[in-house]
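J.:
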DNA sequence: GCAAAAGTGTTCTTGGTACACCCATGG
DNA sequence: CCATGGGTGTACCAAGAACACTTTTGC
């Protein structure tokens, strides 16, 4: 059985970089400059190099596409896609990573891509190259579930944020509205989820909101669950 | 940047096959017959063949190791391990699968392994070849979390089972004891989790228990959560 | 009748939801 | 003083935990 018919193949990382911008869940896409699917939108990503770890490759690609230090933001492997025919260039197994970042002025033209841009996930759905539509869908579902059980929501926020900011992350990603008052309490009563900085932010109109930073916790205890019935 | 330093590598699938046997969570391990780590325990697995999908490879390996039809039981990809030095033979990226099966008389000597055996995960921990200890740990944690939100527990049970059987799956996998009476109600009131067959099983002593089979649902609504405080 | 396991009923507590209400600011 | 968003108090309801109690079998 130890016939030598193992596939020798290349491995790639693809990044689903999510943020909340202009009240919508958006993802960073590049316009492909090269042959397969040229001119079409695709997720940023690239081949893993010899001697390079998968996570390292993801951090490197993230830096190349966004100019940001991948080590400083949330980056998490979430699936592998390995259908033999998923890439017309030959067999490529792709490891998909979910990256979450605050709304920063980022998109720069990437190295092997002619451009990069934020697009709302609701708009882009159905028009990505390769099997990237499915990857994006899986990533979004993953992010939605992660909000329930982990402190992932803080990764969407800048260093200092209000509870209202945090709530709007949940509302935008889940696509449902939450009661601001109950949300406050839940978040404040969850140990190490957020901690007050002492500062306040004065909104254009209304009472100033206390500012918080992310607490030490990574898991949410108790969880903040979506309304599964509605 | 499109230098040709992409890694050309082999990809493997590794299987964490879990079952509940003799009141303990056990996993199927093989004794390695070949060079690296020869004579040591390892997870069953093997290289993906040319033109073969990842899931297909997992099903094939499962059949080779256990003689069972992989399509009929729970099989789920859960992580990728791709450190450049994780395999002394060269670069191998491994896709890890979690398989769940009822307690069946299974282990047959595998093809490229000199033997296979069930061992309790609590016993084997720390003695597996490659990075398989970590893979096993990740798999068990995954299974524990899956019990909370999905109907995975039924995959540990034979076609017909009692609520007591199902409860003992939770108790063994989670390592905590549950109230039989409250557990019954929770499970019965969860839509499509289990459905009665009408038959009963007479235990050596005690009142006969109604038999059930798995219902159609895959997600558990409401979830059955572990006691996170204790 | 006794042991053992299945299953029901009941109370208590906790956590979620809905919502009235008050607070702090800019205009 | 009004509009606007931040934040607290409270009443209600549903789900979970604990546990007394009944049922159904083999011996």
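Protein chains in written order, with the UniProt record's numbering: chain A, 1 to 230; chain B, 1 to 230.
Beta carbons are placed, not taken as given, at the ideal position from N, Cα and C, and that holds for glycine.
Roughly how many angstroms lie between the CA atoms of residue 169 of chain A and residue 227 of chain A, to the nearest whole one?
T.: Residue 169 of chain A and residue 227 of chain A: Cα-Cα distance of roughly 16 Å.
J.: What residues from chain A crowd round residue 47 of chain B, counting only those whose CB sits closer than 7 Å?
T.: Here the neighbours are 6.
J.: By DSSP's criteria, residue 48 of chain A is part of a beta bridge. Which residues make up the other side?
T.: The partner list for residue 48 of chain A (beta bridge, DSSP) is empty, contrary to what the question assumes.
J.: Going along chain B in order, which residues have a C-beta closer than 8 Å to the C-beta of residue 77 of chain A?
T.: Chain B residues near residue 77 of chain A: 79, 80.
J.: In the DSSP assignment, find the beta strand (DSSP E) that holds residue 28 of chain B and state where it starts and stops.
T.: Here the beta strand (DSSP E) through residue 28 of chain B covers 24-32.
J.: Grouping DSSP H, G and I as helix and E and B as strand, with all else coil, what is residue 150 of chain B?
T.: Strand.
J.: Look up residue 39 of chain A in the DSSP assignment and say whether it is helix, strand or coil.
T.: Looking at residue 39 of chain A - three-state DSSP - the assignment turns out to be coil, as it is neither helix nor strand.
J.: Have a look at residue 92 of chain B and residue 49 of chain B and give me their C-alpha separation to the nearest angstrom.
T.: Rounded to the nearest angstrom, the two C-alpha atoms are 13 Å apart.
J.: Name the one or two DSSP bridge partners that residue 195 of chain B has.
T.: Answer is B:213, bridged to residue 195 of chain B.
J.: So, at 8 Å on beta carbons, what are the nonlocal neighbours of residue 164 of chain A in its own chain, with the 5 sequence-adjacent residues on each side left out?
T.: For residue 164 of chain A, where only same-chain residues beyond five positions count, the Cβ hits under 8 Å are 180, 209.
J.: Terminal residues of the continuous beta strand (DSSP E) containing residue 21 of chain A?
T.: Start and end: 8-21.
J.: Taking CB distances under 7 Å as the criterion, tell me whether residue 93 of chain B reaches chain A.
T.: Chain A contact via Cβ: present.
J.: Could you run through the stretch 205-230 of chain A and flag, in chain order, every residue whose CB is less than 9 Å away from some CB of chain B?
T.: Within the stretch 205-230 of chain A, the residues whose Cβ lies closer than 9 Å to some Cβ of chain B are 219, 221, 222, 223, 225, 228, 229, listed in chain order.
J.: Need the endpoints of the beta strand (DSSP E) that residue 130 of chain A sits in, please.
T.: Taken as a continuous stretch (DSSP letters only), residue 130 of chain A belongs to no beta strand (DSSP E), as it is neither H nor E.
J.: Could you check whether residue 68 of chain B and residue 132 of chain B sit closer than 7 Å to each other, using their CB atoms as the reference points?
T.: No.
J.: What residue range is occupied by the uninterrupted beta strand (DSSP E) comprising residue 159 of chain A?
T.: Counting along the chain, residue 159 of chain A falls outside any beta strand (DSSP E), and DSSP gives it neither H nor E.
J.: Helix, strand or coil for residue 71 of chain A? Go by DSSP, reduced to three states.
T.: Here residue 71 of chain A sits in helix by DSSP.
J.: Assuming residue 62 of chain A and residue 15 of chain A form a contact by the criterion Cβ under 8 Å, report the distance between their Cβ atoms to the nearest whole angstrom.
T.: 6 Å between Cβ atoms; contact.
J.: Determine the direct distance from the alpha carbon of residue 59 of chain A to that of residue 153 of chain A, and round the result to whole angstroms.
T.: For residue 153 of chain A and residue 59 of chain A, the distance between alpha carbons rounds to 20 Å.
J.: Would you mind working out which of B:25, B:40, B:26 sits nearest residue 32 of chain B, comparing C-alpha positions?
T.: It is B:40 whose Cα lies nearest to the Cα of residue 32 of chain B.
J.: Answer yes or no: does any C-beta atom of chain A fall closer than 7 Å to that of residue 135 of chain B?
T.: So, not an interface residue.
J.: Please identify, using Cβ separations under 9 Å, the residues of the stretch 27-54 of chain A that lie next to chain B, in order along the chain.
T.: Listed by position, the residues of the stretch 27-54 of chain A near chain B (Cβ gap below 9 Å) are 34, 46, 47, 48, 49, 50, 51, 52, 53, 54.
J.: Is any heavy atom in the ligand NAD found nearer than 6 Å to the beta carbon of residue 98 of chain A?
T.: Absence of the ligand NAD is noted for the structure shown, with no ligands found whatsoever.
J.: Quick check: what's the CA-CA separation for residue 46 of chain B versus residue 66 of chain B?
T.: Computed Cα separation, rounded: 14 Å.
J.: For a quick check, are the C-beta atoms of residue 232 of chain A and residue 51 of chain B less than 7 Å apart?
T.: No statement about residue 232 of chain A is possible, as the shown extent of chain A runs from 1 to 230 and does not include it.
J.: For residue 76 of chain A, which beta-bridge partners are listed by DSSP?
T.: Bridge partners of residue 76 of chain A: A:98.
J.: Can you list, in chain order, the residues of its chain with a C-beta nearer than 7 Å to that of residue 186 of chain A? Leave out the 5 residues immediately preceding and following it.
T.: Within the same chain, residue 186 of chain A has close Cβ partners 224.
J.: Could you tell me which chain A residues have their CB closer than 9 Å to the CB of residue 88 of chain B, listed as they occur along the chain?
T.: Simply none; closest approach about 15 Å.
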